[in-house]
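Take 253 as the starting number for the sequence shown in the working numbering and just add one per residue. The structure appears right after this line, and notes come after that.
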Amino acid sequence: MTASADGDVDATDESVVYDLAPGCTTEDVEEGARYHATVNGVVEYGVFVDCSEHVSGLVHDSELSGDYDVGDELVVELLDVRENGDLSFTEVSVDSPRTVTVDPGERASVDDLAERVGSTVHLDGEVVQIKQTGGPTLFQVRDGTGVVPCAAFEEAGVRAYPEVDLDDAVRVTGDVERREGALQLEVDELHRLEGEAETEVRERVEAAVAETAAPADVEPLVDWPAFEKLRDDLREVAEYLRRAVLDSRPIRMRHHADGDGMCASVPVQVALENFIAETHEDAEAPRHLFKRLPSKAPFYEMEDVTRDLNFALEDEERHGQRLPLLLMLDNGSTEEDTPAYRALDQYDIPVVVVDHHHPDPEAVAPLVDRHVNPYLHDEDYRITTGMMCVELARMIDPSLTDELRHIPAVAGLADRSKADAMDDYLALASEEGYDEDDLQDIGEALDYAAHWLRYDSGDVLIEDVLNVGGDADRHAELVEFLSERAERDVDRQLSDALPHLEYEKLDNDAHLYHIDLDEHAHRFTYPAPGKTTGEIHDRKVQETGDPVITIGYGPDFAVLRSDGVRLDIPNMVSELDDELPGAGVSGGGHLVVGSIKFVPGMREAVLDALVEKMGDAELDESLRSTLVQDD
Ligand code: MN
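Set out below in structure tokens:
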């Protein structure tokens with residue numbers, strides 16, 4: 253309610269009598285407050301009074317001290333607002349009343365609060381977070397157009413309105429304020445809605461959420477029939493993520509820590525952070541509701557999920573946050589991911605996957621809510637995750653389009669995609685001033701930065717390398733510096749490793765190169781074993797022009813690269829696991845590029861069996877495409 257009187261008005265001050273303006277409704281009254289009323293009807297059991305055109309009720313005989321006729325005036329106190337909306341009053345006598353006029357509060361929506369700073373409004377919505385601070389209790393309330401913090405003060409550090417829970421439908425009456433640039437409501441009154449009022453508000457919120465969550469209808473950057481099959485899946489994910497934002501559900505993103513994984517994750521990160529900022533009045537919301545983290549392994553490790561779960565539970569406990577949604581990018585499609593997903597399932601944390609690694613849909617489907625993968629539509633890894641996620645990011649925030657036009661080409665080169673669309677993507681990047689060497693350098697720089705960032709996301713650094721939202725001059729110099737360092741380190745690694753490369757010709761005539769990286773490569777530096785193996789492999793493919801397989805191994809792992817050989821690494825891993833009891837073989841990756849693990853004491857047996865299987869594989873010139881660097 254808007255009380256127009258000088259100074260602060262205390263509703264519990266018994267000398268205050270409110271005079272409701274004609275337009276006031278029951279939303280403007282409060283139990284225990286006193287009102288000027290006019291009798292509009294006399295019945296056997298009492299009198300009916302009007303406080304405004306919309307506020308009327310009964311003063312029961314037992315609550316009346318005088319005799320009244322229609323048109324008489326009296327002062328009443330509001331006893332009760334029943335669920336059906338009926339009001340009951342008691343007559344009071346006030347010695348020297350102080351009359352305060354009340355104007356009707358206006359119903360506001362979150363997206364128009366900025367125009368109402370300084371006024372009192374009603375906001376109907378749903379509570380999406382309750383955080384107890386050292387001062388007030390902060391209720392984050394959404395109405396479908398956005399989310400606003402509503403500060404209710406009971407006593408410092410004491411929970412206000414303890415009867416109100418997360419997800420309740422509520423009506424907030426409060427003053428619109430701007431605090432440190434951000435809008436909030438200073439709560440006068442907050443109550444839980446029930447019955448019809450609740451149903452009506454929930455329906456209104458859901459309709460507004462559905463409208464706001466709808467993804468932008470953007471045309472793909474390039475015309476590409478293979479990609480069309482994935483477009484609806486990506487739209488669904490865009491809507492799912494926008495809805496999560498409107499639910500104030502935190503999003504935790506995990507991505508493969510390589511070039512394609514970064515090209516996938518950064519655009520979606522920027523898009524989601526923008527959408528969070530757009531829909532949340534709390535300036536800290538993007539920081540609280542989004543987190544990007546690299547995964548070192550090409551799958552979701554138990555170590556990572558345990559950390560993620562632990563953070564989520566702490567945030568829930570400390571900040572009243574919902575449990576998050578997990579968004580896996582360029583990762584997350586295989587059986588190896590399922591133990592981690594099961595851990596999340598203990599807490600019903602939803603999982604969304606966008607990936608182009610060879611999937612195991614049977615293992616993964618029961619545990620993930622959305623799974624986008626070209627293999628599920630008879631396409632393959634050539635559609636890289638970066639290509640998909642640039643379109644996903646544009647569906648979430650179409651204003652990013654111009655900044656992202658060079659990213660699919662970086663992703664494609666980093667993953668050595670031989671997609672039909674690569675020419676178009678390169679042309680698009682060239683329009684933005686990037687030639688193929690520039691794009692290769694960005695990929696190398698990303699790889700190098702990711703290596704040294706280890707478990708950090710390096711948000712600003714990576715945005716500068718990708719030139720998304722950063723300073724273009726800084727970008728060029730940084731990429732040059734990082735890519736030159738990367739190249740120098742690769743050259744050093746190869747010049748020390750190559751003299752120790754061993755060779756044999758397989759039964760199928762493919763060339764096999766293998767090297768003990770533990771003995772003959774620098775350890776704990778760049779490039780790591782996966783990248784080292786890939787670089788050796790590339791040189792041999794170029795030198796020979798024939799089908800080539802390269803194995804780089806350590807005490808308990810082997811990295812596999814192949815060109816022109818019809819390998820099925822996930823299948824070989826499961827066969828080795830069956831055939832070699834006690835070897836503990838696990839791993840996978842793409843069909844023809846991957847990595848496996850085993851127990852050190854069985855290394856020789858595993859490698860021998862592996863080489864034998866590779867010698868049995870068919871050659872296939874059409875498979876001349878090397879892939880991702882799976883570290
Ligand atoms: Mn990839």
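We put the beta carbon where it would ideally sit given N, CA and C, even for glycine.
Residue closest to residue i, alpha-carbon to alpha-carbon, out of the options
{"i": "M674", "options": "I635, G710, E655", "result": "I635"}
{"i": "L652", "options": "V410, F527, S814", "result": "F527"}
{"i": "A468", "options": "M514, P477, R487, V453", "result": "R487"}
{"i": "E739", "options": "E754, I803, Y700", "result": "Y700"}
{"i": "P538", "options": "S547, P546, E525, A549", "result": "E525"}
{"i": "V410", "options": "T389, G664, D419", "result": "T389"}
{"i": "L579", "options": "P591, D560, L565", "result": "D560"}
{"i": "S735", "options": "D761, A666, K757", "result": "A666"}
{"i": "C515", "options": "A366, L698, V327", "result": "L698"}
{"i": "V344", "options": "S314, R646, A366, D711", "result": "S314"}
{"i": "D321", "options": "F300, T464, S814", "result": "F300"}
{"i": "K199", "options": "D798, A523, D723", "result": "A question about residue 199 goes unanswered here, because the residues of the chain that appear run from 253 up to 883."}
{"i": "R668", "options": "E655, R657, L691", "result": "L691"}
{"i": "A404", "options": "I382, D420, H288", "result": "I382"}
{"i": "L843", "options": "L753, H774, D612", "result": "D612"}
{"i": "P822", "options": "V520, L832, T277, G846", "result": "G846"}
{"i": "V863", "options": "H772, D790, N760, R775", "result": "N760"}
{"i": "G275", "options": "S308, D319, E831", "result": "S308"}
Whole-number beta carbon distance between residue j and residue i, since they are thought to touch under 8 Å
{"i": "V422", "j": "V416", "result": "6 Å"}
{"i": "L330", "j": "G284", "result": "7 Å"}
{"i": "V333", "j": "L339", "result": "6 Å"}
{"i": "V380", "j": "R359", "result": "Contact doesn't hold; Cβ gap of about 19 Å is too wide."}
{"i": "G638", "j": "V662", "result": "7 Å"}
{"i": "T464", "j": "D440", "result": "At roughly 27 Å, the Cβ-Cβ gap does not stay under 8 Å, so T464 and D440 are not in contact."}
{"i": "F342", "j": "V328", "result": "Here residue 342 is Thr; the residue named in the question, Phe, does not match the sequence. Correct: roughly 7 Å between the Cβ atoms."}
{"i": "G447", "j": "E335", "result": "6 Å"}
{"i": "L705", "j": "P519", "result": "About 18 Å; that fails the 8 Å criterion."}
Buried or exposed (CB count within 10 angstroms, at least 16 for buried), residue i
{"i": "Q573", "result": "buried"}
{"i": "T385", "result": "exposed"}
{"i": "M505", "result": "buried"}
{"i": "E614", "result": "exposed"}
{"i": "T878", "result": "Reliability fails at T878, whose pLDDT of 44 lies under 50, so the model's placement of it is uncertain and no value is given."}
{"i": "S267", "result": "exposed"}
{"i": "T451", "result": "exposed"}
{"i": "V880", "result": "Per-residue confidence for V880 stands at a pLDDT of 39, beneath the threshold of 50, marking its modelled position as unreliable; the derived number appears in the next sentence. V880 should be labelled buried."}
{"i": "Y552", "result": "buried"}
{"i": "T558", "result": "exposed"}
{"i": "Y755", "result": "exposed"}
{"i": "G511", "result": "buried"}
{"i": "V811", "result": "buried"}
{"i": "M554", "result": "exposed"}
{"i": "Q436", "result": "buried"}
{"i": "A773", "result": "buried"}
{"i": "Y707", "result": "exposed"}
Residue i: CB within 7 Å of a non-hydrogen atom of ligand 1
{"i": "H508", "result": "yes"}
{"i": "G513", "result": "yes"}
{"i": "D699", "result": "no"}
{"i": "T586", "result": "no"}
{"i": "H623", "result": "no"}
{"i": "T389", "result": "no"}
{"i": "H887", "result": "Only positions 253 to 883 of the chain appear in this structure, which leaves residue 887 out of reach."}
{"i": "T636", "result": "yes"}
{"i": "D600", "result": "no"}
{"i": "D667", "result": "yes"}
{"i": "D632", "result": "no"}
{"i": "D582", "result": "yes"}
Chain B within 8 Å of residue i, Cβ atoms only
{"i": "L862", "result": "No chain B appears in this structure, which consists of one protein chain only."}
Touching by the beta-carbon criterion (3+ pairs, under 8 Å), the segment 480-497 and the segment 447-458:
By the C-beta criterion, the segment 480-497 is judged not to be in contact with the segment 447-458, since fewer than 3 inter-stretch pairs fall below 8 Å.
Closer than 8 Å is the cut-off here; do at least three beta carbon pairs connect the segment 663-678 with the segment 482-498?
no
Using 8 Å as the threshold, is the segment 291-307 in touch with the segment 364-378, meaning 3 or more CB pairs across them?
No, the segment 291-307 is not in contact with the segment 364-378.
Does the contact criterion of 3 or more C-beta pairs under 8 Å hold for the segment 781-798 versus the segment 757-769?
yes
I'd like to know if the segment 820-840 and the segment 592-602 are in contact, where contact means that at least 3 CB-CB pairs between them fall below 8 Å.
no
contact_flag[the segment 852-868, the segment 733-751] where n(CB pairs < 8 Å) is 3 or more
no
For the segment 645-660 against the segment 532-548, are there 3 or more C-beta pairs whose distance is under 8 Å?
Contact annotation: the segment 645-660 does not touch the segment 532-548, with fewer than three C-beta pairs closer than 8 Å.
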